[in-house]
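Structure first, commentary second.
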Amino acid sequence: MRLRVRFASLLFPVLLSFGESYAQPPLTAPVGQVDRRDLIYYPGDTEHIGPLAHKLAANIWLDQRTIWTSPFHMHKANAGKWIGFTALIAGAVLTDRRTSHLLENSPGQVRWGDHVSNIGAAWTVLPVFAGFYAAGVLADDEKARETGILSGEAILDSLIVVEGLKLAAGRNRPNAPSKPGDFLQGGASFPSGHSGETWALASVIAHEYANRKWVPWVAYGLATTVAAARITAQKHYTSDVIAGSAIGFFAGRFVVNTHEAHAKHHHGTIVPLLNPSTSTYGVAVTLGN
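Structure, rendered in structure tokens:
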């Protein structure tokens, strides 16, 4: 119990910082400076794999730097909300073992939960955002293409955060042969990766297609089903899926907010400079407004 209390207290700065990175508006570069996101923001080039891969890799790098350094940029105005949310997860950690026994935990229940939770597996989620992107390219549908790109970025962002926390927590799964639920044991229970992936995807899709009222209900409904199935499959505790779902949701909103903030202003571009007469070359940067 003492170890769980100690680890629960560590959840506050981690989850608060991640939530804060979503809550604060994405920043642009000061006037006269080149925004690094501007230099890789080429909407038209995302129809081609090369520029797309470069954009995703560079954006994810900047996303992760913002997420993990966000504790240094917290705002007091949002502290109460995130303290309350983190307290909810910490409370769930302390009651996980008790709530995990409220279910029947029969072999049939576990098999059902395992099958349903496969909806949130990587081999299921990845083809979904790839499908949006492919459909957008083939049908020249800008929204579908954008949904595929942003959801892919959000999923990868959430996976990186989830895997980092898994390594730090080392929590054993409920079905572990020894010390189930214990932290710092080399396990991979906290937080839930399936929940993070599906909620990241749902967050982006629900935002992009918010004009169709049924889309958010279906997207979040499926994400909730996957998260709940991970509990019934005895693969995760309640706190695991709450934390994973929150990470996925915030990753999706952070990616969308950042994209929209940088889409509203002119972007810097790199122009090659060649002078054959003097055998010199270089680049020029045009600054965004």
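To get my numbering, take the position in the sequence shown, counting from 1, and add 824.
Positions of the beta carbon are idealized from the N, C-alpha and C atoms, including for glycine.
Annotated three-state conformation of PHE953 is helix, per DSSP.
The alpha-carbon of GLN933 is positioned some 21 angstroms away from that of SER1002. For GLU928, no alpha helix (DSSP H) run applies, since DSSP gives it neither H nor E.
In the DSSP assignment, HIS1018 falls within the unbroken alpha helix (DSSP H) covering 1017-1032. Scanning its chain for C-beta atoms nearer than 8 angstroms, with the 5 sequence neighbours on each side dropped, one finds around VAL1050 the residues VAL940, SER941, ILE943, GLY944, HIS1018, SER1019, THR1022, in chain order.
DSSP, read as helix, strand or coil, puts ARG995 in coil. By alpha-carbon distance to GLU1084, the top candidate from LYS1059, THR971, GLY1010, ARG889 is THR971.
LEU991 is positioned such that its CB atom lies no closer than 8 angstroms to that of VAL1080. For a cut-off of 8 angstroms, the C-beta gap from SER982 to GLY1072 is around 5 angstroms, short enough to register as a contact. Comparing alpha carbon positions, the residue from PHE953, HIS878, ALA968, ILE1066 closest to VAL986 is ILE1066. Distance from the CA of GLY1068 to the CA of LEU962, rounded to the nearest whole angstrom, comes to 33 angstroms. In the same chain as LEU912, and ignoring 5 residues on each side of it, the C-beta atoms closer than 8 angstroms to its own belong to ILE1066, in chain order.
LEU980 has its alpha-carbon roughly 20 angstroms from the corresponding atom of GLY960.
Residue burial annotation: LYS1037 is exposed, with fewer than 16 other C-beta atoms found within 10 angstroms of its C-beta.
Around the CB of THR1056, 16 or more other CB atoms lie within 10 Å, so the residue is classed as buried.
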